[in-house]
Amino acid sequence: MLSGVGDAEHLRKIGVPVAHHLPAVGQNMEEHLGVYLHVACKKPVTLYHATPHFPRKMAWMGIQWLVSKTRMGTSSHIEAGGFFRSASGKRHPDLKWQFLPGASDEDRQLLRDGHAMMLHCTALRATSRGYIKLRSANPRDSPVIQPNYLATESDRVDMRNGVRLTREVLMQQALDEYRGEAISPIAGVQSDAEIDAWIRQNASTDYHPSSTNRMGLRVVDASIMPNNVSENLNAPTIMLAEKAADIILGNPAPPKSNALYLRSHVTLRLVPNFLAVTCPLVNCQRHSIAPRVKGEETEDSSSVLVSGCSVKMATFTNIPTAQLAQGLAPIGLRQYQPLLSKLQRPDLVSAQGFIDGKWVEAHDGDHFTVTDPATEQEIACVASMGGKDTRVAIAAAAAAQHQWKKTTPPVRAKLLKDWAAVISTNAEDLAIIGSLECGKPLPEAKWEIEFAVGVIEFFSHEIVRSSGFLISPTQSSQKILVMKEPVGVCGIISPWNFPYAILGLSLGPALAAGCTTVVKPAGETPLSMLALAKLAEDVNFPPGVINVVTTPREKSEVVGEVLTSSPDVKKITFAGSTQVGRWMVRHSSETVKRLSLELGGNAPFIVFEDADLEEALDGLIRSKFSNTGQACIASNRIFIHSFIFAKFAKLVVKRVQTLKMGLPLEDGVVLGPLIGPSTVNKVAGLVEDAVKHGAKVLVGGKCSDLGKNFYEATVLTNVDDSMRIWNEEIFGPVIQLSSFSSEEEVVRKANDTTAGLAGYFYTQDVARIFRVASELECGMVGVNSELVTHVGAPFGGVKESGIGREGSTEGLEEYLESKMICIGGL
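Per UniProt numbering, the sequence shown runs over residues 1 to 826.
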């Protein structure tokens, strides 16, 4: 039988049966760039059973390939050993290491078994740059072979990092009694140039019809390839190691069939060390070779693992954290060292969606990039899900809804409390993740997580207190009850600026009420929600209750259309721009969904002549510059009484000049980057328009030289309602100052907007406090305080700033239906 891994259409054309389509692999087979590092052994290593040496000639199989002294094949003669790897997304290669006792030397001459150790460092390429391509179904029709070593800088970086990390592994204490001096590369090979030269001399580009595909599924089809030479198609080693991983990690055994589909494992636990799998006392048998080669020993076997194979776990310690982050990161996180190296639990960072209790790739195997807006470096490649994935998630949520709604409030409350507790325990890691993916200063990210924990805990208590009620009947033979029931499946679309807080305000009440959820986090900040999903998994939320569909901005409308049009989704919760909110209203009308919309703001900040100026100044700085001005409740239009205008303006300029701008994780940073170039361009455009129409820049007014996404804290004066900046939400670190002369004037100006989310004013006059608070047209008012978000208080706006409320008992009611039951004949 012929077999291949690759493009299904091409394989069908040349007559190769396609059992399983793996759309993300290269042309016909997976490609990897590999090199072996050798060290001498102080004493023989006997953790394996060596099979006969690989034939030093051409071997005919379903496909023809080169081996032995050419650089096309493998020089390994051992089919067993430890195996540990980092899983990968489509975009990035894996790095994996095989601990193979016994090796060949620099000239490919066999060393005596057990007298050397070898670690195989392999970068599995996401895109084939060299390849073997079948010409036809005739096994004697030679394939086209196109090698390509170290073709790109990415190859070179991968292999350098792999070589350095592999050296660290070889230096572990667990190997002290065996390790001798380095054979290849010698200890003197240290610099990038020296390592590159050594790799060029020793690396090979290998192609396997079985191994890891880019969707994270491991396919081993040796049992349906009777003419395959097994001795190193990777299958025995991989099957061995993953079987060991299954045993050690307690995973179910893979299904037994002609083709073994073994789940890909990240057999690494970076908390704080990593887990390596070793397989001593292994007898790794071979499959038959055809045609038979004279003098070569063959064995007939239907099993790769011999019964009685013992497995044990070895923990390697003290590998530098930076190198772990660089080489052993989870899916899609190979390159971004500053993230994983700072986490106590790197497993909180995922790059897959979460549907029906499983971590899954996108249906089409595609991914999108998440970047740190401060450095513009890539953090991760996350599954780029679309309409089909969203429909699968909705189906999972709908299937789970029936049982989830039946759980009692105390059961749901317990899960929410456990979830809040584990979020709190991991608050430092969560803050780092959130800070890096949205550019928020770390102290603010920590506050946001604290707020989210408080909200979830609040709803864990509130659902137990929530109850229906009785209504006095009109007839003595009747009883009238009102019961509270969950709305049903909820689609939750969260923003990038406060991912944890908004998710707490939406997921908390939804789950408490007994609703299942499909969450679409913002494309800029998916890692925050994925980390929360991981922690929800840790506390055993049932499968299908929380589903996460990750997608980039350009696919958001597709996912939104599926959520708003699905009859199975009963409610949509959205936080974001008013423009998109209007879209949600239109598209949800066909299925008449419940809506909770938290939309844009244009908050007034008023300082009356009797205000405490220092207190007002502190409040302005906090309300304006939280998340570098990227907040829907941020102060947008600042009104200062004419009696104190000049004095207060000087105080503002002086304070703004002291604010530190920098990388979010740096100490003392108050201002981070804006989320991306489009936001920077909008802020810059608003300032330019204001200046063009007469505004004066007191400080700032331009992009910072810290990076493309940094905009300096800015203070403008002489601003009026003819300017765009007056009428639009700024979403950036810009203060615009204008004066007023009377209470009536400033209230009129404050209300002269279509938005109505938040408003703030400072005064010592008690009567004025009640007058102005009642006159301001907004959902939340801060009086002598910039804080309008409280765990138990309703959060939401009026006019075009939204529909409904989040938080508080009102927030819980948004996810509950009232059912009247009239019982007669009593």
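Each residue gets a CB set at the ideal place from its N, CA and C atoms; glycine is no exception.
Smallest Cα separation from Val699: which of Val687, Val715, Gly685, Asp705? As a working mapping, residue 699 is identified with position 699 in the sequence shown. Closest option to Val699, Cα to Cα, is Val715.
Would you mind sorting Lys406 into buried or exposed? The rule is 16 or more other CB atoms within 10 Å of its CB. Counting from 1 along the sequence shown, the entry for residue 406 is found at position 406. Lys406 comes out exposed.
How should His641 be labelled, buried or exposed, when 16 other C-beta atoms within 10 angstroms of its C-beta is the threshold for buried? Within the sequence shown, numbered from 1, the residue matching residue 641 stands at position 641. Its Cβ being crowded by 16 or more others within 10 Å, His641 is buried.
Is it buried or exposed for Asp372, if we count other Cβ within 10 angstroms and need 16 for buried? Counting from one through the sequence shown, the residue named residue 372 turns up at place 372. Looking at its Cβ environment, which holds 16 or more other Cβ atoms inside 10 Å, Asp372 is buried.
Are Ala383 and Thr578 close, meaning C-beta to C-beta below 8 Å? For the purposes of this step, residue 383 is taken as the residue at position 383 of the sequence shown. For the purposes of this step, residue 578 is taken as the residue at position 578 of the sequence shown. No, the pair does not count as a contact, with Cβ atoms beyond the cut-off.
So, at 7 Å on beta carbons, what are the nonlocal neighbours of Arg594 in its own chain, with the 5 sequence-adjacent residues on each side left out? Working through the sequence shown from its first residue, we reach residue 594 at position 594. Excluding residues within five positions, the ones whose Cβ falls inside 7 Å are Val487, Lys570, Lys571.
So, Val747 versus Gln736, is the Cβ gap smaller than 8 Å? Translated into the one-based positions of the sequence shown, residue 747 becomes position 747. Translated into the one-based positions of the sequence shown, residue 736 becomes position 736. Not in contact: Val747 and Gln736 (Cβ atoms no closer than 8 Å).
DSSP beta-bridge partners for Trp359? By one-based count along the sequence shown, residue 359 stands at place 359. Partner(s): Phe354.
Nearest-angstrom Cα separation, counted from Lys702 out to Ala362: The residue given as residue 362 occupies position 362 in the sequence shown. The residue given as residue 702 occupies position 702 in the sequence shown. Straight-line Cα distance between these residues: approximately 40 Å.
Contact defined as beta carbons within less than 8 Å: I believe Val519 pairs with Asn547. What is the distance between those atoms, to the nearest angstrom? Reading the sequence shown from its first residue, position 519 is the one you call residue 519. Reading the sequence shown from its first residue, position 547 is the one you call residue 547. Indeed, because the Cβ distance is near 7 Å, the residues count as touching under 8 Å.
Answer with buried or exposed for Ile132, where buried requires no fewer than 16 other C-beta atoms within 10 angstroms of its C-beta. Residue 132 sits at position 132 when you count from the first residue of the sequence shown. Model confidence at Ile132 stands at a pLDDT of 46, short of 50, so the residue's coordinates are unreliable; what they give is reported in the following sentence. Label assigned to Ile132: buried.
Please state whether DSSP places Arg334 in a helix, a strand or coil. As a first step, residue 334 must be located in the sequence shown, where it is residue number 334. Its pLDDT being 34, under 50, Arg334 is placed unreliably in this model, and the coordinates cannot settle the point.
Would you call the CB atoms of Leu436 and Ile502 closer than 8 Å? Sequence index remark: in the sequence shown, residue 436 carries index 436 (1-based). Sequence index remark: in the sequence shown, residue 502 carries index 502 (1-based). No; because the gap between Cβ atoms is not below 8 Å, this pair is not in contact.
Use the C-beta contact count for Gly824: other C-beta atoms within 10 angstroms, 16 or more gives buried, fewer gives exposed. Taking the sequence shown and counting its residues from 1, the one referred to as residue 824 is at position 824. The residue in question, Gly824, is exposed, as its Cβ has fewer than 16 Cβ neighbours within 10 Å.
Give the single residue among Cys490, Gly514, Ser742 whose Cα lies nearest to the Cα of Val562. Taking the first residue of the sequence shown as position 1, residue 562 is located at position 562. The option with the nearest alpha carbon to Val562 is Cys490.
Cβ contact (3+ pairs, closer than 8 Å) linking the stretch 460-467 and the stretch 811-820: yes
Just to confirm, are Gly560 and Gly629 a CB contact at a threshold of 8 Å? Locating residue 560 in the sequence shown gives position 560, counting from the first residue. Locating residue 629 in the sequence shown gives position 629, counting from the first residue. Cβ atoms of Gly560 and Gly629: not closer than 8 Å.
Taking its Cβ as the centre, do 16 or more other Cβ atoms sit within 10 Å of Ile730, making it buried, or is it exposed? Residue mapping note: residue 730 aligns to position 730 of the sequence shown, counting from 1. Buried: at least 16 other Cβ atoms inside 10 Å.
Own chain residues within Cβ distance below 8 Å of Ser626, not counting five before or after: In the sequence shown, counting from the first residue as 1, residue 626 sits at position 626. Once the five neighbours on either side are set aside, the close Cβ partners of Ser626 are Glu444, Ala634.
Proximal residues to Gln475 (C-beta, below 8 Å), its chain only, five neighbours per side dropped: In the sequence shown, the residue the question calls residue 475 occupies position 475. Once the five neighbours on either side are set aside, the close Cβ partners of Gln475 are Gly824.
Taking only the alpha-carbon atoms, compute the straight-line gap between Trp496 and Tyr711 and give it to the nearest angstrom. Position 496 of the sequence shown, counting from 1, holds the residue named residue 496. Position 711 of the sequence shown, counting from 1, holds the residue named residue 711. Their backbone Cα atoms lie some 18 Å apart in a straight line.
Measure the alpha-carbon distance for residue 869 versus Thr525 and round it to whole angstroms. Residue 869 cannot be examined here, being either before or after the span of the chain that is shown, 1 to 826.
Quick check: the Cα distance between Gly576 and Val585, rounded to an integer number of angstroms? Counting from one through the sequence shown, the residue named residue 576 turns up at place 576. Counting from one through the sequence shown, the residue named residue 585 turns up at place 585. Approximately 13 Å, taken between the alpha carbons.
Please classify Ala396: does DSSP put it in a helix, a strand, or coil? The count along the sequence shown starts at 1 and reaches residue 396 at position 396. Ala396: helix per DSSP, three-state reduction.
If we count the other Cβ atoms within 10 Å of its Cβ and call it buried at 16 or more, is Val392 buried or exposed? Walking along the sequence shown from the start, residue 392 turns up at place 392. By the neighbour-count rule (16 or more Cβ atoms within 10 Å), Val392 is buried.
Using only CA atoms, which one of Phe458, Glu598, Pro441, Glu810 lies nearest to Gly668? Taking the sequence shown and counting its residues from 1, one reaches residue 668 at position 668. Measuring from the Cα of Gly668, the nearest candidate turns out to be Pro441.
CB-CB length for Val607 against Tyr762, believed under 8 Å: Within the sequence shown, residue 607 is the residue found at index 607, counting from 1. Within the sequence shown, residue 762 is the residue found at index 762, counting from 1. So it is a contact: roughly 5 Å between Cβ atoms.
Counting only the same chain and skipping the five closest in sequence on each side, list residues whose C-beta sits under 7 Å from that of Trp359. For the purposes of this step, residue 359 is identified with residue 359 of the sequence shown, where counting begins at 1. Hits under 7 Å: Ser350, Gln352.
Within a Cβ cutoff of 7 Å, which residues of the same chain sit near Asp418, ignoring the five residues on either side of it in sequence? Residue numbering aside, residue 418 sits at position 418 when the sequence shown is read from its first letter. Counting only Cβ-Cβ distances below 7 Å, and skipping sequence neighbours, we find Val539.
Three-state secondary structure assigned by DSSP to Ala755: For the purposes of this step, residue 755 is taken as the residue at position 755 of the sequence shown. Here Ala755 sits in coil by DSSP.
Quick check on the burial criterion: 16 or more other C-beta atoms within 10 angstroms. Buried or exposed for Thr516? Against the sequence shown, residue 516 aligns to sequence position 516. Buried: at least 16 other Cβ atoms inside 10 Å.
Give every residue of the same chain whose Cβ lies closer than 8 Å to the Cβ of Ala697, excluding the five residues on either side of it in the sequence, and list them in chain order. Taking the first residue of the sequence shown as position 1, residue 697 is located at position 697. The residue asked about is misnamed: residue 697 is Val in this sequence, not Ala. Excluding sequence neighbours, Val697 sits near Val687, Val691, Thr714, Val715, Leu716.
Excluding the 5 residues flanking Lys446 on each side, which residues of the same chain have their C-beta closer than 8 Å to its C-beta? Your numbering for residue 446 matches position 446 in the sequence shown. Answer for Lys446: Ala427, Glu428, Ala431, listed in chain order.
Apply the 10 Å Cβ neighbour rule to Ser741 and answer buried if 16 or more other Cβ atoms are within range, or exposed otherwise. By one-based count along the sequence shown, residue 741 stands at place 741. So Ser741 ends up on the exposed side.
Residues of its chain near Leu415, where Cβ-Cβ distance is below 7 Å and the 5 sequence neighbours each way are ignored: The sequence position of residue 415 within the sequence shown is 415, counting from 1. Excluding sequence neighbours, Leu415 sits near Val539, Phe541.
Which stretch, first to last residue, makes up the beta strand (DSSP E) that contains Phe710? For the purposes of this step, residue 710 is identified with residue 710 of the sequence shown, where counting begins at 1. It is not in any beta strand (DSSP E) - Phe710 carries neither H nor E in the DSSP assignment.
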